[in-house]
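Q: Got a structure here, written out as C-alpha cells. Questions coming.
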Amino acid sequence: MSDPTIAAEIPRRRTFAIISHPDAGKTTLTERILRAGGAIQMAGNVRAKGERRRTRSDWMNIEKDRGISVVTSVMTFNYGGCVFNLLDTPGHEDFSEDTYRTLTAVDCAVMVIDAAKGIEARTRKLFEICRLRDIPIVTFINKMDREAQDCFALLDEISNALALDVSPATWPVGRAAKFAGIYDLRTKSLHLKEELPEDDERLALMREEVELAEVALPPFEKEFFDEGHLTPVFFGSAMKEIGVTDLLDALAAYGPPPRAQPSETRDVQATEEAVTALIFKIQANMDPNHRDRMAFARVCSGKLTRGMRLKHVRTGKQFALHTPQFFFAQDRQLVEEAFAGDVVGIPNHGTLRIGDTLTDGEDLRFTGVPHFAPEILRRVRLDDAMKAKKLRQALVELAEEGVVQLFRPQDGAPPIVGVVGTLQLDVLQSRLQAEYNVPVGFESTPFTLARWVTGDKAALEQFEALNRSAMADDLDGDPVFLAGSGFMMNRAVEMNEALSFHDIKQIG
Ligand code: G4P
C-alpha cells in the first residue's frame with residue numbers, strides 16, 4: 001500500500017551545498033542561513049562550535065592552525081515549510097575529492113561570488129563539477145556593502161565565464177556603505193534595512209537599472225534553472241544580513257526538490273516507495289566520546305525509519321539501522337524517519353564505505369561517486385618495524401574514510417599513498433600518530449601518475465606480469481598502473497590497445 005507521507009514530504013526537501021572561492025563569504029553566509037532557519041540563536045556559533053570541535057584532536061589542529069575547514073558537515077533546518085539539508089564542503093582545494101563527493105549528494109548549489117572580485121578560479125572549477133552533474137545553481141553576489149564591480153558587468157562576467165544564462169532575481173538599492181537593501185524583481189517589492197524617502201537617489205538609480213535589466217536579461221524560467229542552464233542571481237551582504245532570507249525564500253519556492261539518482265541499471269526516482277540510500281562520505285571523530293565512524297547517507301527514495309533492516313548491496317548482507325542520526329546545527333538527533341533528499345548519519349565500525357548503496361532488497365548500485373587519480377604519490381616510511389601490522393590496518397581504515405588513497409604494490413613493496421593535495425598527507429600523518437600511535441614519514445616514489453587499468457582479463461594479466469614493479473592494487477583490489485612520467489604513461493596506453501587507462505574511478 002502506498003505511503004501518503006512520501007508524496008507529501010518529498011516536495012518539501014531542499015538539499016544543497018554552497019560553493020565559492022575562499023574568502024567570498026561562504027562561512028558567513030552559512031551562519032546567516034542557519035540563523036534565518038532558527039538553527040542557531042546567535043550568528044557566529046558555527047565558527048565558535050567549530051573552534052571547540054577543532055581542539056579535540058591533533059589532526060583537527062591542522063584546521064585550526066591553518067584556518068581552513070577540512071571536515072564536511074551536514075546541517076538540517078526548517079524554513080518556509082521546507083526541510084533544508086545544507087552540506088558544507090571544505091574550502092581548501094587539497095580536499096577537493098571530499099567536495100566532489102558531497103556534490104553527488106545535493107540537488108542544488110548556491111554559488112557565492114565576491115562582488116568586488118567576480119568569478120574566481122575555484123568558483124569556476126566547482127561550477128564545472130556542478131555542470132557535469134546538471135546541478136541547478138543559485139547565485140549570491142556577496143559583499144555589496146563594500147566597493148563592488150558594476151552589476152551589469154558582474155552579470156555579464158558570470159554569463160560569459162560560465163556559459164550560463166543569468167536572470168537577476170533581486171537588484172541592489174545603493175552600493176558600498178550606502179547599500180540599503182534589495183528590490184525583488186518578481187514580487188516588485190522593496191526589502192530595505194532602513195526607510196528611504198521616495199526621491200532617494202538610490203531608488204532612482206535602482207529603478208533605472210531594473211528597467212534596463214528587465215529588457216536586457218532573460219526572465220527566470222524554472223525549466224531552464226532545473227536543467228542547470230540558467231541561474232537566478234541574488235545581491236546581498238551576508239555580513240549585514242541583506243538578501244539572505246530572499247535567497248532562502250527562493251529556494252523554498254522553486255526548489256529544486258530531490259532529483260532522480262543514477263544507478264548502474266536505472267535512474268531511481270525520489271518518489272519511489274522502496275528505500276534506497278547512497279553513502280557519499282565517511283567521517284571519524286565526530287564525537288571524541290564515541291570512537292565511531294559515521295557514514296553519511298543520502299536517502300534517494302522511499303522512507304527510511306529507525307530500526308529498519310536494509311540490504312548492503314556491496315556485501316549482500318543485511319544492515320540494521322539502529323541509530324541513524326540527523327545533524328541539526330547544534331546537535332545530533334536520532335532519526336525516526338527520513339525521506340529522499342535527507343542526509344542521515346549512520347554510525348558503524350567500518351562496514352559502510354564511500355559509494356556503497358543500501359536498498360530494501362533490490363540489487364542496484366548507485367553511480368557517480370568518484371575517485372580521482374592522485375597527483376602526488378608517496379611511500380609510507382615506518383621507523384618502528386613492530387608497528388607494521390598496525391600501520392597496515394590503520395591505512396586501510398583511513399583510506400576507507402577517504403583521507404588518502406591506498407595502493408599496495410603487487411611486488412610486495414611498502415604501501416604507497418596517493419593524494420590530490422599535500423594537506424591530505426599532513427592529515428594522514430597527524431591522525432596515524434594521534435589515533436593509532438604510529439609515527440610515520442613519507443618518502444618520494446619513482447611514480448608521478450596513477451591510472452586504473454581495465455580490460456580483457458588475459459591482456460590485463462599479461463600487462464601486470466610485464467609491469468609487476470609498477471602495478472598496485474587499490475583499496476578494492478582493482479589494479480592500478482603507476483608511471484614515472486607522462487611519457488611512460490602514454491607509451492603504456494599506446495602499446496596496450498586492449499586495455500583502458502582511467503584517471504577517474506566511479507565507486508559503487
Ligand atoms: P569563506 O568561508 O568563503 O572563506 O569566507 P568568510 O565567510 O570567512 O568571509 C571572508 C571574509 O569576508 C571575512 O572577513 C568576513 O567577515 C568577510 N565577509 C563575509 N561576508 C561579507 C559581507 O557581506 N560584507 C563584508 N564587508 N565582508 C564580508 P575576515 O576579516 O577575513 O574575517 P573575520 O575577522 O570577519 O572573521
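Numbering of the sequence shown is given in our numbering, commencing with residue 1 and proceeding in unit increments. All residues carry an ideal CB built from backbone N, CA and C; glycine is no exception. Only a predicted model underlies this, so the values are computations on that prediction, with no experimental measurement involved.
#1: Quick check on DSSP: helix, strand or coil for Lys64?
#2: Answer with buried or exposed for Gln318, where buried requires no fewer than 16 other C-beta atoms within 10 angstroms of its C-beta.
#3: Mark Phe487 as exposed unless 16 or more other C-beta atoms lie within 10 angstroms of its C-beta, in which case mark it buried.
#4: Could you please give the first and the last residue of the uninterrupted beta strand (DSSP E) stretch that includes Ala571?
#5: Whole angstroms are fine: how far does the CA of Glu336 sit from the CA of Lys193?
#6: For Gly50, does the three-state DSSP call read helix, strand or coil?
#7: Should Pro219 be labelled buried (16 or more other beta-carbon atoms within 10 Å of its own) or exposed?
#8: Are the segment 151-159 and the segment 114-126 in contact at 8 Å, needing three or more beta carbon pairs?
#9: Tell me whether Thr231, by its Cβ, gets closer than 7 Å to a heavy atom of the ligand G4P.
#10: Please confirm if the segment 291-304 is in contact with the segment 29-38, defined as three or more CB-CB distances below 8 Å between the two stretches.
#11: Could you tell me if the beta carbon of Lys143 falls within a distance shorter than 7 Å of some heavy atom in the ligand G4P?
#12: Taking 7 Å as the cut-off, is the CB of Arg146 close to at least one heavy atom of the ligand G4P?
#13: Give me the DSSP bridge partner(s) of Lys311.
#14: Suppose contacts are defined by Cβ-Cβ distances below 8 Å. Is Gly228 in contact with Ile10 by that definition?
#15: Using DSSP with H/G/I as helix, E/B as strand and the rest coil, what is Glu443?
#16: Just checking Pro90 against the ligand G4P - is the residue's beta carbon closer than 7 Å to any of the ligand's heavy atoms?
#17: Can you give, in chain order, each stretch of the alpha helix (DSSP H) that sits fully within the segment 132-185 and has at least 4 residues?
#18: With burial defined as no fewer than 16 other Cβ atoms inside 10 Å of the residue's Cβ, what is the status of Val404: buried or exposed?
#19: Counting pairs of beta carbons, one from the segment 441-455 and one from the segment 364-383, are three or more of them closer than 8 Å?
#20: According to DSSP, is Phe220 helix, strand or coil?
#21: Which residue spans inside the segment 188-243 form an unbroken alpha helix (DSSP H) run of at least 4?
#22: Whole angstroms is fine: what's the gap from Gln41's alpha carbon to Ile135's?
#23: Tell me whether Asp23, by its Cβ, gets closer than 7 Å to a heavy atom of the ligand G4P.
#24: Among the candidates Phe224, Thr104 and Pro4, whose CA atom is the shortest distance from the CA of Asp356?
#25: Taking the C-alpha atoms as reference points, what is the distance between Arg14 and Ile137?
#26: Rounded to the nearest angstrom, what separates Asp23 and Leu406 at their Cα positions?
#27: If distances are taken between C-alpha atoms only, which option among Arg309, Asn78, His312 and Gln283 comes closest to Ala252?
#28: Taking 7 Å as the cut-off, is the CB of Thr99 close to at least one heavy atom of the ligand G4P?
#29: Going by alpha carbons, who is nearest to Arg306 out of Leu185, Gly236, Val275 and Gln283?
#30: I'd like to confirm the pairing. Which residues does DSSP put opposite Tyr79 in its beta bridges?
#31: Taking 6 Å as the limit between beta carbons, can you name the residues of its chain near Arg47, skipping five residues before and five after?
#32: Go to Asp94, then tell me how far its alpha helix (DSSP H) extends in each direction, as first and last residue.
#33: Are Leu460 and Pro479 close, meaning C-beta to C-beta below 8 Å?
#34: What residues in its chain sit with their C-beta under 6 Å from that of Leu126, if we drop five residues either side in the sequence?
#35: According to DSSP, is Val275 helix, strand or coil?
A: With the given structure in hand:
#1: Summary for Lys64: the model assigns pLDDT 49, below 50, so the residue's position carries little reliability, and this model does not support an answer.
#2: By the Cβ-count criterion, Gln318 is exposed, with fewer than 16 other Cβ atoms from all chains shown falling within 10 Å of its own Cβ.
#3: An exposed status is given to Phe487, since fewer than 16 other beta-carbon atoms sit within 10 Å of its beta-carbon.
#4: As shown, the chain starts at 1 and ends at 508. That puts residue 571 outside it, with no answer to give.
#5: The straight-line gap from Cα to Cα measures roughly 40 Å.
#6: Per-residue confidence for Gly50 stands at a pLDDT of 44, beneath the threshold of 50, marking its modelled position as unreliable; the derived number appears in the next sentence. Gly50: helix per DSSP, three-state reduction.
#7: So Pro219 counts as exposed.
#8: At 8 Å Cβ cutoff, the stretches touch.
#9: Every heavy atom of the ligand G4P is 7 Å or more from the Cβ of Thr231, so no.
#10: The segment 29-38 and the segment 291-304 do not touch, with fewer than three beta-carbon pairs separated by less than 8 Å.
#11: When distances are taken from the beta-carbon of Lys143 to the heavy atoms of the ligand G4P, the shortest one is below 7 Å.
#12: In terms of side-chain proximity, the C-beta atom of Arg146 is found nearer than 7 Å to a non-hydrogen atom of the ligand G4P.
#13: Beta-bridge partners of Lys311 (DSSP): Gln318 and Thr359.
#14: Result no, Cβ atoms of Gly228 and Ile10 do not sit closer than 8 Å.
#15: Look at Glu443 here: in three-state DSSP terms it is strand.
#16: Because no heavy atom of the ligand G4P lies under 7 Å away, the Cβ of Pro90 does not count as near it: no.
#17: Runs found: 151-162.
#18: With 16 or more other CB atoms across the displayed protein chains lying within 10 angstroms of its CB, Val404 is buried.
#19: Yes, the segment 441-455 is in contact with the segment 364-383.
#20: Coil at Phe220, not helix or strand.
#21: 201-216 and 222-226, all fully within the segment 188-243.
#22: Low local confidence applies: a pLDDT of 41 at Gln41 is under 50, so the model's placement there is unreliable, with the coordinate-based value given in what follows. Rounded to whole angstroms, Gln41 to Ile135 spans 31 Å at the Cα level.
#23: With a threshold of 7 Å, the Cβ atom of Asp23 counts as near the ligand G4P, since some heavy atom of the ligand is closer than that.
#24: Nearest of Phe224, Thr104 and Pro4 to Asp356, Cα basis: Thr104.
#25: Answer to the nearest angstrom: the Cα atoms are 13 Å apart.
#26: About 32 Å.
#27: Among Arg309, Asn78, His312 and Gln283, the Cα nearest to that of Ala252 is on Asn78.
#28: No, the ligand G4P has no heavy atom inside 7 Å of this Cβ.
#29: Per the C-alpha coordinates, the member of Leu185, Gly236, Val275 and Gln283 positioned closest to Arg306 is Val275.
#30: DSSP output for Tyr79 lists Cys82 as bridge partner(s).
#31: Unreliable placement is indicated for Arg47, whose pLDDT of 45 sits below 50; no coordinate value is reported for it.
#32: Here Asp94 belongs to no alpha helix (DSSP H), and DSSP marks it neither H nor E.
#33: Cβ atoms of Leu460 and Pro479: closer than 8 Å.
#34: Excluding sequence neighbours, Leu126 sits near Ile19.
#35: Under the three-state reduction of DSSP, Val275 is assigned to coil, being neither helix nor strand.
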